[in-house]
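> There's a structure below that I have some questions on.
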Amino acid sequence: MLLALKSSPEEVGREAARIVANAVRRNPELRLGLATGNTTVGMYKELIRLHEHEGLDFSRVITFNLDEYLGLSADHPRSFRHFMQQNFFSQVNIPPRSIHIPNGSIKGDYQQYCASYEQKIRDAGGIDLQVLGIGRNGHIGFNEPTSSIGSRTRLKVLSKDTTEDNRKFFASGEEIPQCAITMGIGTILDAKRILLLATGSSKAAAIAAAIEGPLTASVTASALQLHADVTFIVDQQAGALLKRLFVCCAYRARKAGTTSRN
Numbered sequence: 002m003l004l005a006l007k008s009s010p011e012e013v014g015r016e017a018a019r020i021v022a023n024a025v026r027r028n029p030e031l032r033l034g035l036a037t038g039n040t041t042v043g044m045y046k047e048l049i050r051l052h053e054h055e056g057l058d059f060s061r062v063i064t065f066n067l068d069e070y071l072g073l074s075a076d077h078p079r080s081f082r083h084f085m086q087q088n089f090f091s092q093v094n095i096p097p098r099s100i101h102i103p104n105g106s107i108k109g110d111y112q113q114y115c116a117s118y119e120q121k122i123r124d125a126g127g128i129d130l131q132v133l134g135i136g137r138n139g140h141i142g143f144n145e146p147t148s149s150i151g152s153r154t155r156l157k158v159l160s161k162d163t164t165e166d167n168r169k170f171f172a173s174g175e176e177i178p179q180c181a182i183t184m185g186i187g188t189i190l191d192a193k194r195i196l197l198l199a200t201g202s203s204k205a206a207a208i209a210a211a212i213e214g215p216l217t218a219s220v221t222a223s224a225l226q227l228h229a230d231v232t233f234i235v236d237q238q239a240g241a242l243l244k245r246l247f248v249c250c251a252y253r254a255r256k257a258g259t260t261s262r263n
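Following the numbering used here, the numbering of the sequence shown begins with 2 at its first residue and continues without gaps.
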């Protein structure tokens with residue numbers, strides 16, 4: 002596990018984009034797992050800049066998004082597909098056929114649909130690099146507390162904490178989705194490499210629990226302790242509750258450029 006402690010949310014986005022960009026340059030056919038949410042916006046902005054000004058080529062990249070609200074159409078302004086289109090896909094050269102996002106409009110056999118999403122990931126050769134955010138309660142994707150470490154893509158009922166956190170994204174009186182389709186923890190752990198981004202004091206407790214706490218189903222991000230290649234990129238507010246000495250060492254080493262493998 003590596004930790005990059007950055008001075009600001011903007012620096013978090015730039016560092017994440019740097020790692021993703023280097024991965025694309027090394028492997029133009031990168032299978033890239035993507036996340037949504039405010040924390041990822043800075044990363045997408047920097048990737049767009051690198052595409053426009055430095056020729057970063059996404060034409061052979063294949064993407065898989067973590068999750069989508071159930072009941073929202075692809076063009077709904079609060080859907081994750083709409084978020085991705087507005088914040089990234091419409092401004093880079095990823096072919097539409099290479100973009101995979103769970104379908105929030107499906108009805109009927111959810112289990113079969115989720116199994117087919119898993120199969121698409123396998124058929125592509127698995128995910129090389131998975132980007133994650135983290136919820137206040139420590140969830141990754143929409144794997145709420147008590148989710149199984151071995152879980153796969155499935156329909157998940159959202160916790161009260163998560164629906165309350167999501168309220169700010171919806172207009173007053175607008176119905177807030179209660180369910181989502183999400184990659185499972187096992188699906189996430191299958192990725193060859195994982196980046197988790199976090200900013201702001203509201204994520205500090207979750208980050209401390211994920212990195213320094215015990216492996217527990219009550220904090221699903223703690224499952225990342227089992228992965229051989231995880232990098233947490235957090236700003237100082239999100240890392241404020243970390244206590245171990247390696248935090249300072251990681252920060253100093255990052256400033257000196259000695260821990261980077263990219």
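Think of the CB as a built atom: it goes at the ideal place given N, C-alpha and C, for glycine as much as any other residue.
Source: prediction; values computed, not measured.
Which of the three DSSP states is assigned to Glu176 in this structure?
Here Glu176 sits in coil by DSSP.
> What separation, rounded to the nearest whole angstrom, lies between the Cα atoms of Arg137 and Ile150?
Distance between the alpha carbons of Arg137 and Ile150 is about 19 angstroms.
> Using only the alpha-carbon positions, how far apart do Ile100 and Arg168 sit?
If you take the alpha carbons of Ile100 and Arg168, they lie about 27 angstroms apart.
> Do Ala239 and Lys204 have their C-beta atoms within less than 9 angstroms of each other?
Going by C-beta atoms, Ala239 is nearer than 9 angstroms to Lys204.
> Excluding the five sequence neighbours on either side, which residues of its own chain have a C-beta within less than 8 angstroms of the C-beta of Asn104, listed in chain order?
Counting only Cβ-Cβ distances below 8 angstroms, and skipping sequence neighbours, we find Glu69, Ala75, Tyr114 and Ile182.
> Tell me the DSSP secondary structure of Gln238 in three-state form.
Coil.
> Quick one: Cα of Pro10 to Cα of Val62, how far?
Roughly 26 angstroms between the two C-alpha positions.
> Roughly how many angstroms lie between the CA atoms of Ile107 and Leu198, to the nearest whole one?
If I take the Cα positions, the gap works out to 30 angstroms.
> Would you verify that the beta carbon of Leu3 is, or is not, closer than 9 angstroms to some beta carbon of chain D?
Within the model displayed, chain D is absent; a lone protein chain is all it includes.
> Cutting at 8 angstroms between CB atoms, please list the residues of its own chain near Leu242, excluding the five before and the five after it.
Answer for Leu242: Ala205, Ala206, Ile208 and Ala209, listed in chain order.
> Count the other CB atoms within 10 Å of the CB of Asp129; is the residue buried (16 or more) or exposed (fewer)?
So Asp129 ends up on the buried side.
> Out of Glu175, Asn23, Gly142 and Ser80, which has the shortest C-alpha to C-alpha gap to Leu1?
The structure shown has nothing for residue 1, since the chain only spans 2 to 263.
> Using a threshold of 9 angstroms, state whether the C-beta atoms of Glu290 and Thr147 are closer than that.
Residue 290 falls outside the range modelled here, since the chain spans only 2 to 263, and no answer is possible.
> What does a CB cutoff of less than 7 angstroms around Val25 pick up in its chain, not counting 5 residues either side in sequence?
Cβ within range, chain order: Leu31, Leu57, Phe59 and Val62.
> Verify whether the separation of the beta carbon atoms of Gln112 and Ile195 is less than 9 angstroms.
Not in contact: Gln112 and Ile195 (Cβ atoms no closer than 9 angstroms).
> Please name the residue in Thr163, His52 and Leu216 whose C-alpha comes closest to that of Ile95.
Nearest C-alpha to Ile95: His52.
> On a CA-only basis, which of Gln87, Ala125 and Leu159 is nearest Thr37? Give me that one, please.
The candidate whose alpha carbon is nearest that of Thr37 is Gln87.
> Would you mind sorting Phe89 into buried or exposed? The rule is 16 or more other CB atoms within 10 Å of its CB.
By the 10 Å Cβ count, Phe89 comes out buried.
> Just checking my contact of Glu55 with Arg15 at CB under 8 angstroms: how many whole Å lie between their CB atoms?
Rounded, the Cβ-Cβ distance is 13 angstroms, inconsistent with contact.
> Please classify Leu33: is it buried, with 16 or more other beta-carbons within 10 angstroms of its beta-carbon, or exposed?
Leu33 should be labelled buried.
> Could you tell me which whole beta strand (DSSP E) segments of length 3 or greater appear in the segment 65–102?
Those beta strand (DSSP E) runs which fall completely within the segment 65–102 and span 3+ residues are 68–70.
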